[in-house]
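Numbering (our numbering), first residue to last: 1 to 165.
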């Protein structure tokens, strides 16, 4: 498909609900990322200094891992914004649709993986108090919404670009 063929098929703008869902995905990753960054900075998030040192290897290489995980999760969560944007189209719609479907699946798996890690028995037993567990649970709770939101945004993108695919 050439660029002139793309101009023959006008693209329907993303519906308001899809735009809101894409922004919600980006926002859902923020609380857990901030919680992890606070942990990397030495803020007491419910783990003792010994647990941070022995289990999470903070303040050594664990800082890079935890901050890197937060940055990667947020970058992945920003991907849906590309699917609802009318301003920037870096790829052919066919390539972006395949990328969106793959990205949607990957983002769903990452969100579910983070939830499993956050709620495992080892993570819970290493935490020092009930309030710390509540705060950690509240920080990771928005990740439950990412699979449904990302699937909806991807479905909207593929449906709107079906004529170009």
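The C-beta atom is built at its ideal place from N, Cα and C for all residues, glycine as well.
If the five residues before and after residue 70 are omitted, its C-beta is found closer than 6 Å to the C-beta atoms of 33, 36, 37, all from its own chain and listed in chain order.
Bridge pairing for residue 127: 47 [DSSP]. In this structure, residue 144 lies away from residue 107, with their beta-carbon atoms at least 9 Å apart. Between the segment 10 to 27 and the segment 149 to 157, the count of C-beta pairs closer than 8 Å reaches three or more; the two stretches touch. The three-state secondary structure of residue 28, taken from DSSP, is helix.
Bounds of any alpha helix (DSSP H) do not take in residue 42, whose DSSP letter is neither H nor E. Counting along the chain, the unbroken alpha helix (DSSP H) around residue 72 starts and ends at 62 to 84. At least 9 Å separates the beta-carbon of residue 72 from that of residue 62. Sorting 104, 13, 82, 136 by C-alpha distance to the C-alpha of residue 117 places 136 at the top. The Cβ atoms of residue 148 and residue 31 do not sit closer than 9 Å to each other. For residue 110, the secondary structure class from DSSP, reduced to helix, strand or coil, is helix.
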